[in-house]
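Colleague: Okay, handing you the structure first.
Protein chains in written order, with my numbering: chain E, 366 to 682; chain L, 366 to 682.
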């Protein structure tokens with residue numbers, strides 16, 4: 366694994382590596398949202414990506430970057446969310462073994478999705494310590510490579526390819542791009558791509574009030590935890606890593622907060638008006654634009670819709 | 366209004382007329398559904414169409430085909446569904462007045478959608494007689510032109526443009542196209558387009574068991590009503606018209622039935638796997654393919670996803 370922040374060349378190489386395995390997802394527009402926000406919005410539909418989320422990109426790049434003598438021992442991670450599917454999916458593409466540690470109370474639909482890709486699941490109790498211990502044991506026994514969901518430069522370079530495509534497909538006309546921030550893999554990759562492949566496109570991070578660690582970290586200049594964690598945007602609960610934080614600090618313009626009510630309203634708007642399924646975390650950037658629309662008036666805005674793995678049996682509306 | 370079945374030239378002219386006002390909706394594919402059905406499926410996403418349904422096409426063509434001295438008096442229709450929005454939308458595009466009769470118990474979201482386009486709504490009690498009487502009165506008082514939701518050759522020619530695009534965008538490689546049948550506007554237009562613009566693409570109609578009038582009509586060779594009407598596919602409740610039935614009889618290969626359970630399962634599959642919002646009526650063709658997949662093995666199948674105006678507060682799952 367590389368030990369340095371992805372360069373322009375690294376991200377271009379990552380894009381070549383992952384492109385055969387992923388969708389070049391469409392960029393959609395909506396006159397309704399343009400009118401509502403008084404701006405021009407360009408939605409990068411990563412909800413249509415393989416596994417239903419952008420994380421397929423990072424997982425693929427991390428696995429495809431491994432040398433053959435490492436790959437033969439497989440890969441391992443812990444996740445109950447999209448990263449688990451991303452690693453299981455990516456490993457299946459190259460015929461590698463994937464070991465996924467999942468909390469024993471994970472939703473059945475997520476377990477099934479990981480199983481479908483032929484990954485080996487180990488269940489554990491749902492604490493960070495138990496998860497890490499289970500992965501450490503697997504790595505010790507099998508020689509598998511642990512792939513962190515965001516604090517990993519190959520993962521960051523993979524996620525960066527979404528913004529690279531968005532910039533290309535909008536012909537580098539965007540004033541800004543906005544993406545959600547959880548651990549920071551996507552937003553740091555997005556910020557790097559804007560820096561390398563656009564002329565002056567600014568990058569904003571959007572985060573739920575109920576997981577407001579990035580804004581604290583951004584202001585205090587060190588990695589902070591959220592004062593409390595309670596939000597429907599269950600993909601954004603984690604705090605930043607020592608690889609993602611410095612990139613965010615250097616390249617991101619600002620961090621914007623939104624409430625769960627605003628997330629749910631934006632999510633419902635997307636479903637009703639654009640007829641697309643977006644998960645709560647994926648609606649966070651649109652919610653931030655709607656909340657701050659006076660500041661963004663007249664701008665051309667790229668919006669990364671990160672995923673569509675919503676639980677249809679448990680909708681908030 | 367023309368009194369003859371749309372010709373190849375009529376449909377080409379309709380396409381030119383409506384194209385500036387509508388989306389050329391994307392054709393999506395899904396490896397999941399290809400595997401599930403053992404066939405190659407091409408989904409024409411009319412859920413992304415203006416007003417969220419293909420009916421924008423027919424409404425536009427009917428209104429744009431009116432001579433100026435008719436248009437000046439406006440247009441009128443009765444509908445609680447997508448046709449109401451289609452007429453309100455199409456009239457607003459050309460600055461014409463739209464009079465829409467809606468049952469007084471219509472969902473607020475549908476009423477709002479019609480109002481947003483500036484149409485004048487008249488409420489009536491929810492019987493076919495009361496609706497028709499209300500429209501007749503409006504037509505008598507205003508000189509507005511009544512636009513039937515399906516039994517109208519301009520509407521049929523407009524709906525035909527969806528299949529024309531689908532055939533063009535799949536380079537005329539489809540073995541068959543399948544679309545739902547209610548009053549028959551879409552399926553008759555689809556069948557005409559397949560006949561004019563493809564080389565041997567067959568057309569199948571799909572219909573709910575709880576509104577099984579088309580299959581009866583198809584077999585008995587006269588317009589029949591359904592033995593009972595009870596289905597979640599609320600866009601398909603009506604029976605065929607004297608303009609749509611002869612076209613269906615001549616150009617459609619077969620009518621396939623599906624149960625409400627199958628419709629709901631197909632709809633949920635579309636939402637979960639393709640991340641798109643499709644209304645119950647729009648999931649009927651996919652349900653028919655899944656039910657009859659042994660018959661369609663190895664085929665290239667065009668599937669018209671007719672609309673995405675699902676009621677999020679009242680989902681069947």
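Virtual Cβ for every residue (Gly too), placed ideally from N, Cα, C. Just so it is clear, the structure is predicted and the values come from calculations on it, not from any experiment.
1. Are the segment 414-421 of chain E and the segment 443-457 of chain E touching, with three or more C-beta to C-beta distances below 8 Å?
2. If we define contact as Cβ-Cβ less than 9 Å, is residue 473 of chain E a contact residue for chain L?
3. With respect to the beta strand (DSSP E) encompassing residue 405 of chain E, which residues constitute its N-terminal and C-terminal limits?
4. Taking all protein chains shown into account, do 16 or more other C-beta atoms lie within 10 angstroms of the C-beta of residue 682 of chain L, making it buried, or fewer, making it exposed?
5. Can you look up residue 415 of chain L in the DSSP assignment and give me helix, strand or coil?
6. Given 8 Å as the limit, is there contact between the segment 636-648 of chain E and the segment 376-391 of chain E, that is, 3 or more CB pairs closer than that?
7. Grab the span of the alpha helix (DSSP H) containing residue 557 of chain E for me, first residue to last.
8. If we ignore side chains and look at the alpha-carbon of each, how far apart do residue 539 of chain L and residue 506 of chain L end up?
9. According to a CB-to-CB cut-off of less than 7 Å, which residues of the segment 623-643 of chain E neighbour chain L?
10. Looking at the structure shown, is residue 569 of chain E part of a helix, part of a strand, or coil, going by DSSP?
11. For residue 470 of chain E, which residues in the same chain have their Cβ closer than 6 Å to its Cβ, ignoring the five residues on either side in sequence?
12. Taking all protein chains shown into account, do 16 or more other C-beta atoms lie within 10 angstroms of the C-beta of residue 585 of chain L, making it buried, or fewer, making it exposed?
13. Taking only beta-carbon positions, decide if residue 680 of chain L is within less than 9 Å of chain E.
14. Going by CA-CA distance only, name the one from L:502, L:460, L:549 and L:452 that's closest to residue 433 of chain L.
15. Using a Cβ-Cβ distance cut-off of 9 Å, determine whether residue 398 of chain E contacts chain L.
16. Can a CB atom of chain E be found closer than 9 Å to the CB of residue 413 of chain L?
17. Could you tell me the boundaries of the alpha helix (DSSP H) in which residue 526 of chain E lies?
18. Would you verify that the beta carbon of residue 391 of chain E is, or is not, closer than 9 Å to some beta carbon of chain L?
19. Closer than 9 Å, CB to CB, is residue 677 of chain L near chain E or not?
20. Taking DSSP as the reference, what is the three-state secondary structure of residue 488 of chain E?
21. How big is the Cα-Cα spacing for residue 463 of chain L and residue 558 of chain E?
22. Residue 387 of chain L by DSSP, collapsed to three states: which one?
23. Which residues of chain E have a Cβ atom closer than 7 Å to the Cβ of residue 673 of chain L, listed in chain order?
24. I'd like to know if residue 417 of chain E contacts chain L, where contact means its C-beta is closer than 9 Å to some C-beta of that chain.
25. Give me the residue from E:602, E:456 and E:649 with the minimum Cα distance to residue 421 of chain E.
26. Does the segment 603-616 of chain E come into contact with the segment 507-523 of chain E, if we say contact requires no fewer than three beta-carbon pairs (one atom in each stretch) closer than 8 Å?
27. Could you check if residue 577 of chain E belongs to the surroundings of the ligand ATP, using beta carbon to heavy atom distance under 8 Å?
28. What did DSSP end up calling residue 442 of chain E once you bin it into helix, strand or coil?
29. Only counting the same chain, and skipping five residues up and downstream in sequence, which positions put a Cβ closer than 6 Å to that of residue 485 of chain E?
30. For residue 535 of chain E, which residues from the same chain have a beta carbon less than 6 Å from its beta carbon, with the 5 sequence-adjacent residues on both sides left out?
31. Taking residue 623 of chain E as part of the beta strand (DSSP E), name the residues at either end of that continuous run.
32. Measure how close the beta-carbons of residue 495 of chain L and residue 479 of chain L come, nearest whole angstrom, since I'm counting them as under 8 Å.
33. On a Cα-Cα basis, can you pick out the residue from L:673, L:666 and L:502 that is closest to residue 566 of chain L?
34. When you compare the CB positions of residue 466 of chain L and residue 427 of chain L, do they come within less than 9 Å of one another, or not?
Modeller: Let me spell this out:
1. Below 8 Å, enough C-beta pairs join the segment 414-421 of chain E and the segment 443-457 of chain E to call them touching: three or more.
2. No, its Cβ sits nowhere closer than 9 Å to a Cβ of chain L.
3. Unbroken beta strand (DSSP E) run through residue 405 of chain E: 405-410.
4. So residue 682 of chain L ends up on the exposed side.
5. The answer is helix: DSSP assigns residue 415 of chain L an H, G or I state.
6. Touching, no.
7. From DSSP, the alpha helix (DSSP H) with residue 557 of chain E extends over 550-562.
8. In a straight line, the C-alpha of residue 539 of chain L is about 48 Å away from that of residue 506 of chain L.
9. If you check each beta-carbon in the segment 623-643 of chain E against every beta-carbon of chain L, the ones closer than 7 Å belong to 633, 636, 637, 640, 641 and 642.
10. Looking at residue 569 of chain E - three-state DSSP - the assignment turns out to be strand.
11. Closer than 6 Å at Cβ, skipping near neighbours: 491.
12. Within 10 angstroms of the beta-carbon of residue 585 of chain L lie fewer than 16 other beta-carbons, which makes it exposed.
13. With 9 Å as the cut-off, residue 680 of chain L counts as an interface residue toward chain E.
14. Out of L:502, L:460, L:549 and L:452, the CA that lies nearest to the CA of residue 433 of chain L is found in L:460.
15. No, residue 398 of chain E does not count as interfacial toward chain L.
16. Yes, because at least one Cβ of chain E sits closer than 9 Å to the Cβ of residue 413 of chain L.
17. Segment 518-534, the alpha helix (DSSP H) holding residue 526 of chain E.
18. Chain L places a beta carbon closer than 9 Å to that of residue 391 of chain E, counting this residue as a contact.
19. At a cut-off of 9 Å between beta carbons, residue 677 of chain L contacts chain E.
20. Three-state result, residue 488 of chain E: strand.
21. Using only the alpha carbons, I get a separation of about 49 Å.
22. Note: residue 387 of chain L maps to coil in three-state DSSP.
23. By Cβ distance, chain E contributes 640.
24. Closer than 9 Å: yes.
25. Among E:602, E:456 and E:649, the Cα nearest to that of residue 421 of chain E belongs to E:456.
26. Flag = yes, the segment 603-616 of chain E and the segment 507-523 of chain E touch.
27. The ligand ATP is absent from the structure shown, which contains no ligands of any kind.
28. If DSSP states are grouped into helix, strand and coil, residue 442 of chain E belongs with the strands.
29. 464, listed in sequence order.
30. Cβ neighbours of residue 535 of chain E beyond the five flanking positions: 407.
31. From DSSP, the beta strand (DSSP E) with residue 623 of chain E extends over 619-623.
32. Going by Cβ atoms, the distance from residue 495 of chain L to residue 479 of chain L rounds to 18 Å, so no, they are not a contact pair.
33. Ranked by Cα distance from residue 566 of chain L, the options L:673, L:666 and L:502 are led by L:666.
34. Result no, Cβ atoms of residue 466 of chain L and residue 427 of chain L do not sit closer than 9 Å.
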